[in-house]
Amino acid sequence: MTVHRVAVLALDGVTPLDLAIPTQIFTARPETPYGMTLCALDTKVATTAGFTLVADGGLEQVRAADTVIVPGYEPLVRPPDAVLGALAEARDRGRRVVSICTGAFTLAAAGVLDGLHATTHWRHIDAFERDFPTVTVDRDVLYVDEGDVLTSAGVCCGIDLCLHLVRRDLGAGVANQIARGLVAAPHRDGGQAQYVPAPVPVAGQASLSDTRGWALHRLGEPLTLRVLARHAGLSQRTFMRRFTEETGTTPLQWLLNARLGEARELLETTDHPVDRVARDCGLGTAANLRLHFRRALDTTPTAYRRTFGRSASHSPSHRPKTAVNR
Numbered sequence: 036m037t038v039h040r041v042a043v044l045a046l047d048g049v050t051p052l053d054l055a056i057p058t059q060i061f062t063a064r065p066e067t068p069y070g071m072t073l074c075a076l077d078t079k080v081a082t083t084a085g086f087t088l089v090a091d092g093g094l095e096q097v098r099a100a101d102t103v104i105v106p107g108y109e110p111l112v113r114p115p116d117a118v119l120g121a122l123a124e125a126r127d128r129g130r131r132v133v134s135i136c137t138g139a140f141t142l143a144a145a146g147v148l149d150g151l152h153a154t155t156h157w158r159h160i161d162a163f164e165r166d167f168p169t170v171t172v173d174r175d176v177l178y179v180d181e182g183d184v185l186t187s188a189g190v191c192c193g194i195d196l197c198l199h200l201v202r203r204d205l206g207a208g209v210a211n212q213i214a215r216g217l218v219a220a221p222h223r224d225g226g227q228a229q230y231v232p233a234p235v236p237v238a239g240q241a242s243l244s245d246t247r248g249w250a251l252h253r254l255g256e257p258l259t260l261r262v263l264a265r266h267a268g269l270s271q272r273t274f275m276r277r278f279t280e281e282t283g284t285t286p287l288q289w290l291l292n293a294r295l296g297e298a299r300e301l302l303e304t305t306d307h308p309v310d311r312v313a314r315d316c317g318l319g320t321a322a323n324l325r326l327h328f329r330r331a332l333d334t335t336p337t338a339y340r341r342t343f344g345r346s347a348s349h350s351p352s353h354r355p356k357t358a359v360n361r
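Its first residue numbered 36, the sequence shown is counted upward by one per residue in this note's numbering.
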């Protein structure tokens with residue numbers, strides 16, 4: 036596999052968790068072509084947690100990278116012109132440029148986000164919208180995919196974005212394998228809300244995670260709102276409210292995303308006909324599967340299998356950009 040060079044650019048005041056996410060996901064593995072380098076303007080970088088990091092690379096590695104990722108940092112001061120220039124140059128050369136959390140402030144200051152949609156941490160989104168009027172802010176999403184420019188919302192949304200990149204580059208099977216290693220939640224689509232009113236149940240209230248797990252093992256069955264609510268022992272109205280509070284999306288949209296994810300993995304790992312894939316993942320017919328693939332991924336099941344199937348070459352540089360999640 037051709038090495039896909041990933042530069043994680045740590046700014047002074049970098050948030051350790053924001054930094055850890057891409058360095059963990061894009062570290063070298065036998066099944067992936069990524070080569071990751073921690074980069075900084077200076078060799079030593081202060082973190083918000085009080086300790087100091089030592090970077091392996093500088094701005095030259097940023098300029099040479101295929102993907103540049105800027106984790107969040109504080110305080111939100113304008114980075115040095117050398118950093119902004121390196122990011123602008125990477126974008127001008129057609130490299131993929133990504134931010135996690137408040138890293139979007141740096142991409143915007145470098146002009147990378149001009150005329151595009153973007154997001155950042157919900158606590159800072161008002162300031163972001165005020166400071167960068169040329170950027171269209173998407174407030175209630177986990178991440179925004181604009182092709183070669185991607186931004187994520189706060190902190191842990193960086194996991195969703197980085198796994199989305201792996202999924203886009205190498206397919207759902209590899210992304211799911213990495214997610215299982217991280218014990219990360221199943222794939223969350225970028226359009227879900229970043230600020231979830233009730234991310235954990237209140238005292239005495241059971242989570243709906245058991246029902247979601249139960250549904251994931253029965254995606255080929257007719258799972259209606261009534262069936263899901265009955266499994267959870269709730270009225271449909273209460274189930275709908277609680278589900279949306281916990282996940283940031285509706286039960287039916289969550290089911291559709293789960294079924295599309297299952298379809299992608301079946302297309303990658305089996306030779307089943309498209310109509311069987313559609314039936315096994317719960318989307319019914321090949322025509323319905325093609326419709327949802329076109330809407331969600333801007334491709335067809337056959338083209339997706341040709342790109343990501345078992346006989347395909349796993350090299351991100353040759354992957355089509357199959358999804359724009361805005």
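Think of the CB as a built atom: it goes at the ideal place given N, C-alpha and C, for glycine as much as any other residue.
All of these numbers come straight from a predicted model, not from anything done at the bench.
Since I believe valine 80 is in contact with valine 105 (beta carbons under 8 Å), could you give me their beta-carbon distance rounded to a whole number of angstroms?
Numbered from 1 along the sequence shown, position 70 holds the residue referred to as residue 105. Numbered from 1 along the sequence shown, position 45 holds the residue referred to as residue 80. Wrong, their Cβ atoms sit about 13 Å apart, outside the cutoff.
For proline 168 and arginine 174, I'd like the C-alpha separation in whole angstroms.
Numbered from its first residue, the sequence shown carries residue 168 at position 133. Numbered from its first residue, the sequence shown carries residue 174 at position 139. Their backbone Cα atoms lie some 14 Å apart in a straight line.
Work out the CA separation of cysteine 74 and glycine 120 for me, nearest whole Å.
As a first step, residue 120 is located in the sequence shown; it is residue number 85 there, counting from the start. As a first step, residue 74 is located in the sequence shown; it is residue number 39 there, counting from the start. Computed Cα separation, rounded: 15 Å.
Per-residue DSSP class, three states only, for cysteine 136
Taking the sequence shown and counting its residues from 1, the one referred to as residue 136 is at position 101. Three-state DSSP puts cysteine 136 in coil, outside helix and strand.
CA-CA distance, arginine 158 and phenylalanine 140?
Against the sequence shown, residue 158 aligns to sequence position 123. Against the sequence shown, residue 140 aligns to sequence position 105. Rounded to the nearest whole angstrom, the CA to CA distance from arginine 158 to phenylalanine 140 is 13 Å.
Where does valine 209 fall in DSSP's three states?
As a working note, residue 209 is residue 174 in the sequence shown. Of the three classes helix, strand and coil, the one that applies to valine 209 here is helix, per DSSP.
Which of the three DSSP states is assigned to leucine 46 in this structure?
Numbered from its first residue, the sequence shown carries residue 46 at position 11. Here leucine 46 sits in coil by DSSP.
From Thr186, Gly85, Glu95 and Arg202, residue whose alpha carbon lies closest to that of alanine 117:
On the sequence shown, position 82 is the one that residue 117 refers to. For alanine 117, the nearest C-alpha among the options comes from Glu95.
Looking at the strands, I want to know which residues DSSP matches up with cysteine 74.
As a position in the sequence shown, residue 74 is number 39, starting the count at 1. Partner(s): Leu44 and Gly92.
Can we say the stretch 297–311 touches the stretch 202–221, given the rule of at least three CB pairs closer than 8 Å?
yes
Once the 5 residues before and after glycine 138 are set aside, which same chain residues still bring their CB inside 6 Å of it?
For this step, residue 138 is matched to residue 103 along the sequence shown. The answer, listed in chain order, is Val105, Pro106 and Gly107.
Hey, how far is the Cα of alanine 404 from the Cα of aspartate 77?
Given that the chain is displayed from residue 36 to residue 361, the structure contains no residue 404 and the question cannot be resolved.
Label alanine 162 either buried or exposed according to how many other C-beta atoms from any shown protein chain fall within 10 Å of its C-beta, with 16 as the threshold for buried.
As a first step, residue 162 is located in the sequence shown; it is residue number 127 there, counting from the start. Exposed: under 16 other Cβ atoms inside 10 Å.
At 3 residues or longer, and completely inside the stretch 232–290: list those beta strand (DSSP E) runs for me, N to C.
none
Would you kindly report the start and end of the unbroken beta strand (DSSP E) that includes valine 184?
Numbered from its first residue, the sequence shown carries residue 184 at position 149. Segment 184–187, the beta strand (DSSP E) holding valine 184.
Is threonine 87 helix, strand or coil when you go by DSSP?
For the purposes of this step, residue 87 is taken as the residue at position 52 of the sequence shown. The answer is strand: DSSP assigns threonine 87 an E or B state.
Identity of the residue in Leu44, Arg98 and Ser270 nearest glutamate 124 by Cα
Position 89 of the sequence shown holds residue 124. When only C-alpha atoms are compared, the closest one is Arg98.
Using a Cβ-Cβ cutoff of less than 7 Å, which residues in the same chain neighbour threonine 58 once the five nearest sequence positions on both sides are dropped?
The residue you call residue 58 lines up with position 23 of the sequence shown. Once the five neighbours on either side are set aside, the close Cβ partners of threonine 58 are Val43, Met71 and Leu73.
Simplified DSSP state of aspartate 175, which is helix, strand or coil
Walking along the sequence shown from the start, residue 175 turns up at place 140. DSSP places aspartate 175 in coil when its eight states are reduced to three.
Residues near valine 309 by beta carbon distance below 6 Å, same chain, minus five either side:
Start at 1 with the first residue of the sequence shown, and residue 309 comes out as number 274. Counting only Cβ-Cβ distances below 6 Å, and skipping sequence neighbours, we find Ala321 and Pro336.
Excluding five sequence neighbours on each side, which residues of the same chain lie with their C-beta closer than 8 Å to the C-beta of histidine 152?
Here residue 152 is taken as the residue at index 117 of the sequence shown, counted from 1. Around histidine 152: Val170, Thr171, Val172, Asp173, Val179, Glu181 and Arg361.
Going by other Cβ atoms of all chains shown within 10 Å of its Cβ, with 16 needed for buried, is histidine 39 buried or exposed?
Taking the sequence shown and counting its residues from 1, the one referred to as residue 39 is at position 4. Per the 10 Å Cβ criterion, buried.
Could you tell me how far apart the beta carbons of proline 51 and alanine 84 are, in whole angstroms, since I believe they sit closer than 8 Å?
Here residue 51 refers to the residue found at position 16 of the sequence shown. Here residue 84 refers to the residue found at position 49 of the sequence shown. Confirmed, Cβ separation roughly 5 Å.
Residue burial classification, glutamate 66 (beta-carbon count within 10 angstroms, cutoff 16)
The residue given as residue 66 occupies position 31 in the sequence shown. Per the 10 Å Cβ criterion, exposed.
Terminal residues of the beta strand (DSSP E) in which threonine 102 lies
Locating residue 102 in the sequence shown gives position 67, counting from the first residue. Residue range 102–105 is occupied by the beta strand (DSSP E) that includes threonine 102.
Tell me the DSSP secondary structure of valine 118 in three-state form.
Taking the sequence shown and counting its residues from 1, one reaches residue 118 at position 83. If DSSP states are grouped into helix, strand and coil, valine 118 belongs with the helices.
Could you give the DSSP three-state label for alanine 338: helix, strand or coil?
To locate residue 338, count along the sequence shown from 1; it is residue 303. Three-state result, alanine 338: helix.
Going straight from the alpha carbon of valine 89 to that of threonine 82, what length do you get?
Your numbering for residue 89 matches position 54 in the sequence shown. Your numbering for residue 82 matches position 47 in the sequence shown. About 11 Å.
Range covered by the alpha helix (DSSP H) that runs through valine 312
The sequence position of residue 312 within the sequence shown is 277, counting from 1. Unbroken alpha helix (DSSP H) run through valine 312: 309–316.
Minimum C-alpha distance to aspartate 127 - residue among Asp166, Ile135 and Val184:
Locating residue 127 in the sequence shown gives position 92, where the first residue counts as 1. For aspartate 127, the nearest C-alpha among the options comes from Val184.
Below 7 Å between beta carbons: does that hold for leucine 243 and glutamate 280?
Indexing the sequence shown from 1 puts residue 243 at position 208. Indexing the sequence shown from 1 puts residue 280 at position 245. Not a contact, by the Cβ cut-off of 7 Å.
Can you say whether leucine 198 is buried or exposed, counting buried as having 16 or more other CB atoms within 10 angstroms of its CB?
Here residue 198 refers to the residue found at position 163 when the sequence shown is read from its first residue. By the Cβ-count criterion, leucine 198 is buried, with 16 or more other Cβ atoms from all chains shown falling within 10 Å of its own Cβ.
In angstroms with no decimal places, state the Cα-to-Cα distance between alanine 313 and threonine 273.
Taking the first residue of the sequence shown as 1, we reach residue 313 at position 278. Taking the first residue of the sequence shown as 1, we reach residue 273 at position 238. Whole-angstrom Cα-Cα distance: 30 Å.
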